[in-house]
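Below: one structure, written as structure tokens.
Numbering (full-length UniProt numbering), first residue to last: 1 to 289.
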């Protein structure tokens, strides 16, 4: 994509997603992801009913009577976008590719974060860490993120969610809200997800295409695995083949649901041919209550 085409796409994404974040998500985002941490504010004399765990023993000893520390909620958040850039994102059969849906959703979340005066950072991952953009504020930073979302070319095509979660947990020291935006076509990341969610607030956004749920009966077709780039022939007119595939998808989906539940991670399932606005608002409302 040349520079003028890239800038045009950035502008289109900015206009659409900034409007959505301002008009639709602002209040819901704020209530769903308000500051979770507490910062020290001041000390005052102990009053009946105060939590004795908050007694400041140094001040108490100095004045020979009990004083307690007061804390206030941190309003500013750090938000991380963990973006799956593996080969399977290049799939889509109806209105858009998975990667285009991911780009729009990430841009909406980025603008929502900035309007809430939060810092926003981004991590691109495949089976390697492809790129890390540290959290910052400001419109120029947001536009850089959108440019990267549109134009980034990963070096690898496979997926390793556990590796990405471990990296994010190591580099982001302060507790943050992290959106993992992926199709979650991967195995064995439950342990890393559980550990990451203890330190941070992890939210999963699963992006998928309806043709990944079931195969239509259209005869003999040649298919390509987007990550291994291997080809194979499939007879889609064979009902047993279609049924076996549908069962494989359901089993994998049920395993994912169980993984998120065990890890204590909120999830929204977003199909490429459906309106992601509804899914995000429903997620925000669930978390805001």
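By construction, the Cβ of each residue, glycine as well, lies at the ideal position given by its N, Cα and C atoms. On a predicted model such as this, the values are computed, not experimentally measured, just so you know.
{"Item": "Residue 244 burial status per 10 Å Cβ neighbour count (16 or more: buried)", "Value": "exposed"}
{"Item": "Of the residues 182, 220, 246 and 67, the one placed nearest residue 99, counting alpha carbons only", "Value": "182"}
{"Item": "Other residues of its chain near residue 44: CB distance less than 8 Å, five sequence neighbours each side excluded", "Value": "67, 68 and 70"}
{"Item": "Start and end residues, alpha helix (DSSP H) containing residue 263", "Value": "239 to 263"}
{"Item": "Cβ distance (whole Å) where residue 268 is taken to contact residue 91 below 8 Å", "Value": "Residue 268 to residue 91, Cβ: 19 Å. No contact."}
{"Item": "Sheet register partners of residue 317 (DSSP bridge)", "Value": "What is shown of the chain runs 1 to 289, which leaves residue 317 out entirely."}
{"Item": "DSSP-derived helix/strand/coil call for residue 151", "Value": "helix"}
{"Item": "Proximity winner among 197, 104, 148 and 101, relative to residue 122 (alpha-carbon distances)", "Value": "148"}
{"Item": "Test item: CB-CB of residue 185 and residue 159 under 8 Å", "Value": "yes"}
{"Item": "Given 8 Å, three or more beta-carbon pairs between the segment 99 to 113 and the segment 161 to 174", "Value": "no"}
{"Item": "Residue 266 vs residue 280 beta-carbon contact at 8 Å", "Value": "no"}
{"Item": "Cβ shell of residue 128 (< 8 Å), same chain only, five flanking positions each side left out", "Value": "155, 156, 160 and 163"}
{"Item": "Whether residue 197 touches residue 264 by CB criterion (8 Å)", "Value": "yes"}
{"Item": "Nearest-angstrom Cα separation, counted from residue 33 out to residue 54", "Value": "26 Å"}
{"Item": "Beta-carbon contacts of residue 114 that lie in its chain and below 6 Å, excluding the five residues immediately before and after", "Value": "142"}
{"Item": "6 Å Cβ shell around residue 242 - same chain, five flanking residues per side excluded", "Value": "215"}
{"Item": "Through-space distance from residue 193 to residue 79, alpha-carbon basis", "Value": "17 Å"}
{"Item": "First and last residue of the uninterrupted alpha helix (DSSP H) at residue 278", "Value": "276 to 288"}
{"Item": "Rounded separation between residue 188 and residue 28 - CA only", "Value": "32 Å"}
{"Item": "C-beta atoms of residue 179 and residue 81 nearer than 8 Å", "Value": "yes"}
{"Item": "Neighbourhood of residue 125 by C-beta, 6 Å cutoff - its chain only, sequence neighbours within 5 removed", "Value": "164"}
{"Item": "Near the ligand SAM: residue 274 beta-carbon under 7 Å from a heavy atom", "Value": "Of ligands this structure carries none, so the ligand SAM is not represented either."}
{"Item": "Closest residue to residue 276 among 103, 136, 56 and 150 (Cα-Cα distance)", "Value": "103"}
{"Item": "Terminal residues of the beta strand (DSSP E) in which residue 165 lies", "Value": "Note, residue 165: premise wrong, no beta strand (DSSP E); alpha helix (DSSP H) at 161 to 171."}
{"Item": "Cα-Cα separation, residue 51 to residue 273", "Value": "52 Å"}
{"Item": "Collapsed DSSP secondary structure at residue 63 in the structure displayed", "Value": "helix"}
{"Item": "Integer-rounded CB distance, given that residue 231 should sit under 8 Å from residue 240", "Value": "That pair is no contact at about 22 Å."}
{"Item": "Backbone secondary structure at residue 195 - three-state DSSP", "Value": "helix"}
{"Item": "C-alpha distance - residue 217 paired with residue 238, whole-angstrom precision", "Value": "8 Å"}
{"Item": "Whole-angstrom distance between residue 168 and residue 15, CA atom to CA atom", "Value": "30 Å"}
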